[in-house]
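Reading through the structure tokens given below for one structure.
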Amino acid sequence: MSSDNKAMGNKKKSFFAVLSVLLFLLISFNGASIFSIRIPFPENVAGDSRNLVSVSSSLSNLMYAVGEDNPSVISNVHLQNLQIHENITAGDGDSIRFISVPESMKEAGPTVISYTPLPPLRKSHSLPLESKDLQVKNKNFLKELTLIEESNRLRRGDFRAKVKEFFSKNESSCKVRFFMTWISSLNSFSEKEFHSIETLFNTHPKGCLLIVSNSMDSNQGRQILKPFLEKGFRLTAISPDLKYLFKNTMAEYWFMKLTNGDLDVGYVPLGQNLSNLIRLCLLYKFGGVYLDTDVLVLKNFSKLKNSIGAQTIDLDSKKWSRLNNAVMVFDKMHPLVYKFIEEFSLTFDGNKWGHNGPYLVSRVVSRLQDRPGYNFTILPPIAFYPVNWNRVRNLFRGAKNEADAKWLRGKFKQIGSQSYAVHLWNKQSRKLHVEKGSIVGKILSNRCVFCNASINNVVGIEE
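Just so we're aligned, residue 1 is where the sequence shown starts under UniProt numbering, counting upward by one.
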């Protein structure tokens, strides 16, 4: 009997021991949940003030749409008045008239799209396998880049000489200087990029276009550009000399760390980050207009000076919440561009989408907007970004019903009267088909150079 009582007592002790452990785990879990800290993921566009240190100063197709994060709204930086944009100074005293966006046309969109002032957060910015693959690709890209730079070492100075020769030869007729970058293979150069160049020369027949690219600076690349040359347009492709472009800026220090292997290139495609830096250095060294290759040009840029466009605004405060670097217009050696280059070199992060591009220009402008010595204009979204990345498919769609047709007519009229260019957000739109009656279709029809012809027929490639 006593042995039975003893066994029963042991069982009770075991039961209470297990119960105690369960209670302890439950209390621990609740405590961890209560006292855990949730760190917000989105990039802080405004950033903290920094003491920047000054020193003496195959890409666009790898660009991805980086406007998929949702940063904090910068409350202390004002956009130009969005009600009626009259007499907006473009940096040199010229006035640009901007008509207000009618309330009835504010991104009403086709029936399936509702208006949201800022894009939603993505659930995840990286997947382990994808990140691992991108890191390997970045390392291979860096090896390739080092080899290219080494092969360019013996012909150092050619880039500068070629650029100066190109612009000086066309100095009397080169009304506006344009720059593009292309680091991808020529196989990736599609009709969309070709149409971008078409719209540029349709609106700027006296303009000059320099494409900085290794792949385009080749016999096959020149074959693609030949139809434009035969029509008398002024364009060329030149392989970049990165050491020259980065010299006497903080980019020189950054590039030295990169090539020495002392920099974490991260998971974001290195080509994208290099493109962000190269465009800044091109504008700083030469001055002019930088365009991504997924931008359609609608109006002449000759009156724009030292300008950058807002991508999004806060509808209540009318203050910009994000700028973008897909279209930039700046004079040679402009101090704001120099600050952009400094910011890139001092705050580079290869693991954050947009950190070295749109967020970068947003951070710098938010700090310098009200300081003396920087003369520039922030244009409203309608100037270059009339639709945001999450609604760009609406530009490629034809009308499915009368409501769609009405929206398309209104949006096309709005873009035609108020936009200088349309950024097509290539990551979101590259697989979209241009439907009959769509806004993009109408723009291409109105701004074509080789109308009713495919790129293969124009450049002499058999289909």
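No residue lacks a Cβ here, since even glycine has one placed at the ideal position from N, Cα and C.
{"query": "Simplified DSSP state of Q223, which is helix, strand or coil", "result": "helix"}
{"query": "Buried/exposed call for L372, threshold 16 Cβ in 10 Å", "result": "Just to set this straight, residue 372 is Pro in the shown sequence, not Leu. Result: exposed."}
{"query": "Three-pair Cβ contact test at 8 Å for the stretch 382-397 versus the stretch 295-310", "result": "yes"}
{"query": "Length of the line joining the Cα atoms of W182 and V268", "result": "17 Å"}
{"query": "F246 in three-state terms, based on DSSP", "result": "helix"}
{"query": "Outcome for A326 when other beta-carbon atoms lying within 10 angstroms are tallied against a minimum of 16", "result": "buried"}
{"query": "Option in K169, V176, Q220 with minimal Cα separation from N187", "result": "Q220"}
{"query": "Sequence-distant residues of the same chain with beta carbon closer than 6 Å to N351, five excluded per side", "result": "G266, Y267"}
{"query": "In DSSP terms, what T181 is bridged to", "result": "V212"}
{"query": "Helix, strand or coil at G307 according to DSSP, with G and I counted as helix", "result": "Reading the sequence as shown, one finds Ser at residue 307 and not Gly. In the structure shown, S307 sits in a strand (DSSP, three-state: E or B)."}
{"query": "A421 beta carbon less than 7 Å from that of K297", "result": "Contrary to the premise, residue 297 reads as Val rather than Lys in this sequence. Contact: yes."}
{"query": "DSSP-derived helix/strand/coil call for D69", "result": "Because the pLDDT at D69 is just 35, under 50, the model does not fix this residue reliably, and the value given afterwards should be weighed accordingly. It is coil, neither helix nor strand."}
{"query": "Beta-carbon proximity list for F246, same chain, < 7 Å, skipping 5 on both sides", "result": "E252, F255, C281"}
{"query": "Residue nearest to V212 in terms of C-alpha spacing, selected from P205, P227, F178", "result": "F178"}
{"query": "Secondary structure of L379, DSSP reduced to three states", "result": "strand"}
{"query": "Residues sharing a beta bridge with A421, DSSP", "result": "V297"}
{"query": "Beta-carbon separation (whole angstroms), L210 vs L200, contact threshold 8 Å", "result": "That belief does not hold up - the Cβ atoms of L210 and L200 are roughly 12 Å apart, past 8 Å."}
{"query": "Inter-residue Cα distance where the pair is E193 and E435", "result": "18 Å"}
{"query": "Where the alpha helix (DSSP H) through V327 begins and ends", "result": "First-last for V327: 320-330, but that is the beta strand (DSSP E), not the alpha helix (DSSP H)."}
{"query": "Limits of the unbroken beta strand (DSSP E) element including L235", "result": "234-238"}
{"query": "Residue span of the alpha helix (DSSP H) that contains L336, given as start and end", "result": "335-347"}
{"query": "For I323, the nearest candidate out of F412, F301, L360 (CA to CA)", "result": "Residue 323 is actually Leu in this sequence, not Ile. Here the closest residue by C-alpha is L360."}
{"query": "Nearest to K164 (by Cα), restricted to the options D262, G287, R447", "result": "G287"}
{"query": "Cut-off 8 Å between Cβ atoms - residues of its own chain near R393, not counting five sequence neighbours on either side", "result": "Q428, S429, L432"}
{"query": "Collapsed DSSP secondary structure at G288 in the structure displayed", "result": "strand"}
{"query": "Cβ separation of M333 and Y290, assumed to be a contact under 8 Å, to the nearest whole Å", "result": "Contact doesn't hold; Cβ gap of about 15 Å is too wide."}
{"query": "Pairwise C-alpha distance: I341 and T249", "result": "7 Å"}
{"query": "Buried or exposed (CB count within 10 angstroms, at least 16 for buried), K305", "result": "buried"}
{"query": "7 Å Cβ cutoff met for S398 and G357", "result": "The amino acid at residue 398 is misidentified as Ser; the sequence shows Gly. Not closer than 7 Å, so no."}
{"query": "Pairwise C-alpha distance: L242 and residue 496", "result": "Shown here, the chain extends from 1 to 463; a query on residue 496 therefore has no answer."}
{"query": "For S362, the first and last residue of its enclosing alpha helix (DSSP H)", "result": "358-368"}
{"query": "CB contact flag (L277, F344, <7 Å)", "result": "yes"}
{"query": "Start and end residues, alpha helix (DSSP H) containing K192", "result": "191-203"}
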